[in-house]
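Trainee:
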Amino acid sequence: MSTHPNRLAAALGMLAAGFALCVFADDAKPSPAAVAKARGECAQQKHRVKALEAANADDAKVAAARLDWEHACDRAQALIDAAAGHAAAPAPTGDTPAQGQ
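All residue numbers for the sequence shown refer to numbering that gives the first Met the number 0, where the first residue is 0 and numbers rise by one.
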C-alpha cells in the first residue's frame, strides 16, 4: 500500500500542530511570526483549492486539497487562540472549508 505524499504531509502537519498545542499549553504563547506563518499556510491552501476547482481537477485531488486547507486553518486558529490566551473552542458545526467555503 502506497502513501500519498499529501496525506503523509497532512498527517505530519497534524502531528506537529498537536505538538505545538502541547508546547503552548504551558502558558507559552506562539510568536506573532508563527501565527502569521500559519495564517499564510491557510490562505495558501485556500488558493490551491480554488485553483484546482477552477481547473476542474478530479474529485480526489480537490478532496485532498480541501482536507489540507481545513487542517492548515485549524492549526492557524489554534495558534491564534493560544496567542490570545483563549481555551480551545469546540468543533464548529457550521460551514468549514471542507464544506465548500
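Heads up, the beta-carbon is just placed ideally off N, CA and C, and yes, glycines get one too. On a predicted model such as this, the values are computed, not experimentally measured, just so you know.
Near residue 60, which residues of its chain fall below 8 Å by C-beta distance, leaving aside the five closest residues on each side in sequence?
Mentor: Sequence index remark: in the sequence shown, residue 60 carries index 61 (1-based). Here the set comprises 51.
Trainee: Provide the residue span of the alpha helix (DSSP H) that contains residue 58, from first to last.
Mentor: Counting from 1 along the sequence shown, the entry for residue 58 is found at position 59. Counting along the chain, the alpha helix (DSSP H) containing residue 58 begins and ends at 58–83.
Trainee: Figure out for me which residue from 85, 81, 74 and 84 has the closest Cα to the Cα of residue 36.
Mentor: Residue mapping note: residue 36 aligns to position 37 of the sequence shown, counting from 1. Ranking the options by Cα distance to residue 36, first place goes to 74.
Trainee: In angstroms with no decimal places, state the Cα-to-Cα distance between residue 80 and residue 29.
Mentor: Along the sequence shown, read from residue 1 onward, the residue named residue 80 stands at position 81. Along the sequence shown, read from residue 1 onward, the residue named residue 29 stands at position 30. For residue 80 and residue 29, the distance between alpha carbons rounds to 10 Å.
Trainee: Roughly how many angstroms separate the alpha carbons of residue 70 and residue 27, rounded to a whole number?
Mentor: Here residue 70 corresponds to residue number 71 of the sequence shown, with the count starting at 1. Here residue 27 corresponds to residue number 28 of the sequence shown, with the count starting at 1. C-alpha separation (whole angstroms): 22 Å.
Trainee: Considering just the uninterrupted stretch of the alpha helix (DSSP H) at residue 32, what are its terminal residues?
Mentor: Within the sequence shown, residue 32 is the residue found at index 33, counting from 1. Here the alpha helix (DSSP H) through residue 32 covers 31–53.
Trainee: Please report the distance separating the alpha-carbon of residue 45 from that of residue 68.
Mentor: Walking along the sequence shown from the start, residue 45 turns up at place 46. Walking along the sequence shown from the start, residue 68 turns up at place 69. Computed Cα separation, rounded: 6 Å.
Trainee: When you compare each of 53, 57 and 64 to residue 42 by their alpha carbons, which one comes out closest?
Mentor: Taking the sequence shown and counting its residues from 1, one reaches residue 42 at position 43. Answer by Cα proximity: 64.
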